[in-house]
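As you go down the protein sequences, you meet chains A and B in turn.
Residue numbers for the first sequence follow our numbering, so the first one is 1 and each next one is one higher.
Residue numbers for the second sequence follow our numbering, so the first one is 358 and each next one is one higher.
There are 2 protein chains.
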Amino acid sequence: MTDAPDLDALQAAVCPLPTAAEGERVSLAHGAGLGASARLFEELVLPALGNPALEARHDGAVLPLPAGAGRIAFTTDTFVVSPLEFPGGDIGVLAVHGTLNDLAMCGARPLALSCGLVLEEGLPLERLRGLVGSMGRAARAAGVPIVTGDTKVVEHGKGDGAFVNTAGFGLVPEGRDLRPARVRGGDVVLVSGPIGQHGAAVLSVREGIELESEIQSDTAALPELVETLLTVAPGTTCLRDPTRGGLGASLCEVASAASLEVELFEQEVPVDAQVRAVCELLGLDPLFLACEGRLVAFVPPSEADAALAALRTDPLGAGAARVGRVCDGPGRVVVETRIGGRRLLPLPAGDPLPRIC
Amino acid sequence: MTDAPDLDALQAAVCPLPTAAEGERVSLAHGAGLGASARLFEELVLPALGNPALEARHDGAVLPLPAGAGRIAFTTDTFVVSPLEFPGGDIGVLAVHGTLNDLAMCGARPLALSCGLVLEEGLPLERLRGLVGSMGRAARAAGVPIVTGDTKVVEHGKGDGAFVNTAGFGLVPEGRDLRPARVRGGDVVLVSGPIGQHGAAVLSVREGIELESEIQSDTAALPELVETLLTVAPGTTCLRDPTRGGLGASLCEVASAASLEVELFEQEVPVDAQVRAVCELLGLDPLFLACEGRLVAFVPPSEADAALAALRTDPLGAGAARVGRVCDGPGRVVVETRIGGRRLLPLPAGDPLPRIC
C-alpha cells in the first residue's frame, strides 16, 4: 500500500486536472483553491505574471525593501462568501482576518490594510453599513488600520450583494523565513484547533441544516498567536492558514512545494462533533472544509512540545494538536487512517460547495 | 456672478447629495466617484474605518515605516469596466496602470502590485489569458512585478466576466509630501494632456458610436512622468490622476479638501476633437470624463514654466497645458468660460454612464 509509483498512479487517476483546452471556460472549480485552481495558476497566471516572489507559492509575497530597510510581506484576498452574514461573522470580518492571517503566515507583523468593495446595485445601505462596521471593528481589535480603499458599483444582476477585497502589508522581523521550501524531513505538523468550523458554519446556514446548536465560524485574527508560537519555536519552517480547501489542501500544497511527504495521523486531527455531523450529512470530508482562524505549523521536532504548549496557552490555540510529520519522499500527503492503514490524500479537482470565503 | 454665497446656494441646488436614509439602497451613483460616492465615503465608510491615513482623502495612503525606515505609499483599486476590452487597452492593463498611477500621485516609486480576480463562471479561458497577459506586459513595462494574487469564481449571473482588484505599494523618497492639504493659493494647475480619452473610448465602443477614427484610451503608467516633473518642480504640492469623474471631479475634491478655490480656464483645457464629438452626441461634459494616463499637478508659480516644459519632453506629457490657478476662497471650482463669464463647477451626484473603469 505504501509503494510510491502505485500511489502516484492513484493520484493521477483520482485527480484528473482539467486542461486549458481551446474553448474551455472558467468554472466554479477554478475558484475552489484545489486542483483546478492550482492548474489555472500554474498554466495561465504564472506564465503571464511570473517573478520570483509569485513563484514562491506562499500566502503572500516577502520582498526586501531598498537600502536594507528590512523585508516587507504583501498579500491580497478577495471574499465572495455567500451569504454575506453567517453564524460567527460576516464577509467584512472575514476579509480583515483573512489578510491579517496571510501576513501572519509570512511571519510578518501587519501594518496596514486596504479595502476594495464591489457592490451590487440594490444592496440595502444598512447591510453595507453592517459589513463596513465589521471591518472597522476587526481592524481596530487587531490594531491594524484600513488606510486606503475603493468602492465600485455594478448593475443589479452583475454582482451578488458585495465582494470585498483586502490587501495588506507588514514587516517581517529579521531572521524569520517561513515558506514551504524550508520545510524539512522530521518536521512535526501542528494545527491550532478543530478544523472546518468556518466551512461548516457557512454551509449549514446556506443549506438550511438544523443542528442542536449552531456552528460558529472560527474566523479570528492570528498574528498574536503566531508571535506566541515563534517565541518558543523560532525554528518553525512554514505556517499556513488552511482556508479554501482546508487542512487537506494546505498540506498537499506544502508537500508539493517542498517535495516532501507529509504523513497525517487521521485520528489526531481535531474535528468538532457538530462539524462531523454536517460533513456526514453532506458527504464531505472535514479535511477539505475551510478554517478562517486556524493555522498549520511545521516545527522542528526539538521545538514541537514547546510549540504545542505555547499554542494552548492562547484561547485561539486551546485545541491545538500534533497531527502529522514530514518524511523524505515524493511531494504528497499520506493519511494514516484510524484503523492503521495508509491512503493517499488526493487534492480534489474542485469544491462541490463554492463561495465559502 | 462671482459672489460666493450665491454660488454656494447654486451648488446645493445643482448637487443634491443623496442621504443614507433608512431603506436606502446602493445605486450606481454610489460608484461613480462623484457626489454620491463622496457622501457614502464621508457618512458610512469614514465613521466605520476612520484613521488619519484614510482621512487624508488622497489616492493612496502614505505611512511611516517603523524605526525611521522611510515612508511607504499603499493603495488599491477595483476595476469593473464594461466591456472588458476597449480601443487602446483592456481591464488588465487598466488595473496595472491605475494602481501604479495612484502610487505615483503620492510621489512614491512603486515596488510591487497584487492582483485579486473575481471571475464569472463561463468566462472563456482565452479572455482570461488575454487580460492576465495584459497585466503581465503592463507590469513588466513599468518594472513593477505582480507578486501576490488571488482568484475567486462566482456563479454565472453573479458577476460580469471579470472584476480585477490591484493593490500596490512603493517608497516615498525623503522630502516629498504631495497631498491636497499642501495646495496653496497661487499654485498653478497643469494637466499632462488631452482629457477624457479613456471615458470616450469606452463609451464609444459601448454605445456603438461610429467615428472617423477610433478614439483610443489614454491608459498609461505615469510614474516616470512624475519623476520628470518632480525633478524640475520639487515644490509641487499635489498630484492627481483624473480617473473616475475626470478632471472636474479631481479639481472639486482637491479644492474641497484644501478649502481653496480653483479657477479653471475652460479654453485652455485640452480636449481632442473626437472626444468633443462623442460628448456632444451623448450630452456629456468632457470635464467629467475619465482619463487613465493623465495627471493634474498643483505647482508653485515659480516652478510652473519649468514643470510644463518638462512634462512636454515626455510623449505622455506632450499635450500638457496650464489650465488653472488656485486662489484664496471657499473650497470650490469656478470655471472661467470661453466667453469670459464665470460659473461654478458643481460635482454631479452621479455618473449617467457607469463602469468606465
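The C-beta atom is built at its ideal place from N, Cα and C for all residues, glycine as well.
inquiry  = For a cutoff of 8 angstroms on Cβ pairs, would you count Ala69(A) as touching chain B?
reply    = yes
ask   = Taking 8 angstroms as the CB-CB cut-off, is Pro5(A) touching chain B?
value = For Pro5(A), the predicted structure reports a pLDDT of 31, less than 50, and the residue's modelled location is therefore unreliable. A value from the coordinates is still provided. For Pro5(A), not one C-beta of chain B is nearer than 8 angstroms to its own C-beta.
key: Neighbourhood of Ala498(B) by C-beta, 8 angstroms cutoff - its chain only, sequence neighbours within 5 removed   = In chain order, Ala578 place their CB closer than 8 angstroms to the CB of Ala498(B), counting only its own chain and leaving out the 5 sequence neighbours on each side.
task = Find the residues of chain A that neighbour Thr433(B), judging by a C-beta separation of less than 8 angstroms, and give them in chain order.
result = Per Cβ cutoff of 8 angstroms: Ser114, Cys115, Gly116, Thr148, Gly149, Asp150, Asn165, Ala167.
query = Applying the criterion that 16 or more other CB atoms from any shown protein chain within 10 Å of the CB defines a buried residue, is Glu120(A) buried or exposed?
reply = buried
query = For the region 636 to 669 of chain B, which residues have a beta carbon sitting closer than 8 angstroms to at least one beta carbon of chain A?
reply = none
query = Closest to Glu172(A) by CA distance: which of Pro194(A), Gly143(A), Pro223(A), Glu210(A) is it?
reply = Checking the displayed sequence, the identity of residue 172(A) turns out to be Val instead of Glu. The shortest C-alpha separation from Val172(A) is found at Pro223(A).
ask   = Apart from the five residues just before and just after Val296(A), which ones in its own chain have a Cβ nearer than 6 angstroms to its Cβ?
value = Excluding residues within five positions, the ones whose Cβ falls inside 6 angstroms are Val191, Arg240, Pro242, Ser250.
Cutoff 8 angstroms: Asn458(B) Cβ touching any chain A Cβ = no
query = Quick one, which of Gly199(A), Ala257(A), Thr166(A) has its alpha-carbon nearest Val93(A)'s?
reply = Thr166(A)
request  = Just tell me which of Thr337(A), Thr148(A), Asp77(A) has its CA closest to the CA of Leu420(B).
outcome  = Distances from the alpha-carbon of Leu420(B) to those of Thr337(A), Thr148(A), Asp77(A) put Thr148(A) closest.
query = Considering only residues of the same chain and omitting the five flanking positions on each side of Ala661(B), which have a CB-CB separation below 6 angstroms?
reply = Val545
key: Below-8 angstroms beta-carbon distance, Ile339(A) vs any chain B residue   = No, because no Cβ of chain B sits closer than 8 angstroms to the Cβ of Ile339(A).
request  = Can you tell me the Cβ-Cβ gap for Leu103(A) and Ala73(A), rounded? I've got them flagged as a contact below 8 angstroms.
outcome  = The C-beta distance from Leu103(A) to Ala73(A) rounds to 5 angstroms, short enough to meet the 8 angstroms contact threshold.
message = Using only CA atoms, which one of Ala405(B), Pro404(B), Asn458(B) lies nearest to Arg651(B)?
response = Measuring from the Cα of Arg651(B), the nearest candidate turns out to be Asn458(B).
key: Cβ-based burial, Gly286(A) [other Cβ within 10 Å; buried from 16]   = The sequence as given places Pro at residue 286(A); Gly does not occur at that position. So Pro286(A) counts as buried.
key: Residues bridged to Glu42(A) (per DSSP)   = DSSP, once it has assigned bridges, lists no residue as partnering Glu42(A).
query = Would you say Pro481(B) reaches chain A, if we count a Cβ-Cβ gap shorter than 8 angstroms as a contact?
reply = yes
key: Short Cβ contact (8 angstroms threshold) for Arg382(B) with Leu125(A)   = The answer is yes: Cβ separation under 8 angstroms.
task = Kindly indicate which three-state DSSP category Asp328(A) falls into: helix, strand or coil?
result = coil
inquiry  = If you measure between the beta carbons of Thr427(A) and Ser471(B), is that distance less than 8 angstroms?
reply    = Outside the shown range of chain A, which is 1 to 357, sits residue 427(A), and nothing can be said about it.
message = By the 7 angstroms beta-carbon criterion, what residues does the region 169 to 186 of chain A contribute toward chain B?
response = Phe169, Leu171
ask   = Residue ranges of each beta strand (DSSP E) run of no fewer than 3 residues wholly in the region 91 to 147 of chain A, ordered along the chain?
value = 109 to 120
key: Inter-residue CB distance, Ile356(A) and Val269(A) (contact presumed, cutoff 8 angstroms)   = The pair is not a contact, with the Cβ atoms about 19 angstroms apart (cut-off 8 angstroms).
request  = Take Glu214(A) and list the residues in its own chain whose beta-carbon comes closer than 6 angstroms to its own, dropping the five residues that flank it on each side.
outcome  = Pro87
message = Just to check my reading of the structure: Leu281(A) and Ile209(A) have Cβ atoms closer than 8 angstroms, yes? What is that Cβ distance to the nearest angstrom?
response = 6 angstroms
task = Please confirm if Leu17(A) has its CB atom under 8 angstroms from at least one CB of chain B.
result = Here Leu17(A) scores only 38 on pLDDT, less than 50, and its place in the model should not be relied on; the value that follows carries that caveat. For Leu17(A), the answer is no, since every Cβ of chain B falls outside 8 angstroms of its Cβ.
Under 7 angstroms by beta carbon: chain A residues contacting Ser394(B) = Here the neighbours are Thr151.
key: In DSSP terms, what Phe79(A) is bridged to   = Val164(A)
key: Unbroken beta strand (DSSP E) run spanning Ala255(A), endpoints   = Note, Ala255(A): premise wrong, no beta strand (DSSP E); alpha helix (DSSP H) at 246 to 258.
query = So, using beta-carbon positions, are Ala48(A) and Gly490(B) closer together than 8 angstroms?
reply = yes
query = Cβ atoms of Val540(B) and Val453(B): under 8 angstroms apart, would you say?
reply = no
task = Please decide whether Arg597(B) counts as near chain A, where near means a Cβ-Cβ distance under 8 angstroms.
result = no
ask   = For Val299(A) versus Ala257(A), is the C-beta distance shorter than 8 angstroms?
value = no
query = According to the Cβ coordinates, are Pro537(B) and Val611(B) closer than 8 angstroms?
reply = yes
message = Would His387(B) pass as an interface residue toward chain A - the criterion being a Cβ-Cβ separation below 8 angstroms?
response = yes
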